[in-house]
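Following: one structure in structure tokens, then a few remarks.
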Amino acid sequence: MAAQSLFSLSSRITTPYSSSPTKITSAAPPLLNSCSHSLSLSFPRRSTVPGNLAFRFNSSPSRIASVRCALSPELKTTLDKVVTSQKVVLFMKGTKDFPQCGFSNTVVQILNSLSVPYETINILENEVLRQGLKEYSNWPTFPQLYIDGEFFGGCDITVVKILEGFI
Numbered sequence: 056m057a058a059q060s061l062f063s064l065s066s067r068i069t070t071p072y073s074s075s076p077t078k079i080t081s082a083a084p085p086l087l088n089s090c091s092h093s094l095s096l097s098f099p100r101r102s103t104v105p106g107n108l109a110f111r112f113n114s115s116p117s118r119i120a121s122v123r124c125a126l127s128p129e130l131k132t133t134l135d136k137v138v139t140s141q142k143v144v145l146f147m148k149g150t151k152d153f154p155q156c157g158f159s160n161t162v163v164q165i166l167n168s169l170s171v172p173y174e175t176i177n178i179l180e181n182e183v184l185r186q187g188l189k190e191y192s193n194w195p196t197f198p199q200l201y202i203d204g205e206f207f208g209g210c211d212i213t214v215v216k217i218l219e220g221f222i
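Going by our numbering, the first residue of the sequence shown is number 56, and it counts up by one from there.
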């Protein structure tokens, strides 16, 4: 029965939640634009040798090291500021007005149905941000929801918690 009420609730939600820009939008662009890499694939000359696919980054060795361990101290500090600057922050694929993933859309619809003010960060805009967030939260998938500066969970946890009446 609780599942039916969630589905009927989400079927009534038709307009995206809109809010004015907040502190996050001013903090996010430098974060999103600070690390860009060009990626190229190198294949071995002999196609008979399995497992020799290599990724090469066209950047300095220090930049390559930061991609291997995407959560640099600077990125961690920025993420700490971003997740604590608003009560609810959603790192997602796309934006609240145009989610580009079904799971991200589900969490957006839940937050909209609760009339909760929240901010979103589009993780598709930056690979280092996306990989760094996986390390930061110790969670491999997106969306990632933060409430009061703490990692809450992804889509699956958010759906379960709303069905249980936790949120």
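We treat Cβ as the ideally placed atom computed from N, Cα and C, and that holds for glycine.
Fair warning: this is a prediction, and the values are worked out from it, not measured in the lab.
(message) For K131, count the other beta carbons within 10 Å of its own beta carbon; 16 or more makes it buried, fewer makes it exposed. Which is it?
(response) Start at 1 with the first residue of the sequence shown, and residue 131 comes out as number 76. Under this definition K131 is an exposed residue.
(message) Strictly by DSSP, which residues pair up with Y201?
(response) Position 146 of the sequence shown, counted from the start, is the residue given in the question as residue 201. Partner(s): V144, F206.
(request) Using 10 angstroms around the beta-carbon of V215, count the other beta-carbons present and answer buried if the total reaches 16, otherwise exposed. (result) The residue given as residue 215 occupies position 160 in the sequence shown. Exposed is the call here.
(message) Based on DSSP bridge pairs, tell me the residues matched to N177.
(response) Residue numbering aside, residue 177 sits at position 122 when the sequence shown is read from its first letter. Bridge partners of N177: M147.
(message) Which residue marks the beginning of the alpha helix (DSSP H) containing S168, and which one marks its end?
(response) If you number the sequence shown from 1, residue 168 lands on position 113. According to the DSSP assignment, S168 belongs to the alpha helix (DSSP H) that extends over 157-168.
(message) I'd like the list of long-range same chain contacts for G187, defined as Cβ closer than 8 angstroms, with 5 residues on each side in sequence excluded.
(response) As a working mapping, residue 187 is identified with position 132 in the sequence shown. Excluding positions up to five away in sequence, the list reads A125, L126, S127, L130, K131, L134.
(message) Which of the three DSSP states is assigned to P154 in this structure?
(response) Along the sequence shown, one-based indexing puts residue 154 at 99. The DSSP-derived three-state label of P154 is strand.
(request) State the Cα-Cα distance for the pair L179 and S168, rounded to the nearest angstrom. (result) Within the sequence shown, numbered from 1, the residue matching residue 179 stands at position 124. Within the sequence shown, numbered from 1, the residue matching residue 168 stands at position 113. L179 and S168: Cα-Cα distance of roughly 25 angstroms.
(request) Might you give, ordered along the chain, the residues of its own chain that have their beta carbon closer than 6 angstroms to the beta carbon of C156, omitting 5 neighbours on each side? (result) As a position in the sequence shown, residue 156 is number 101, starting the count at 1. Correct list, in chain order: K148.
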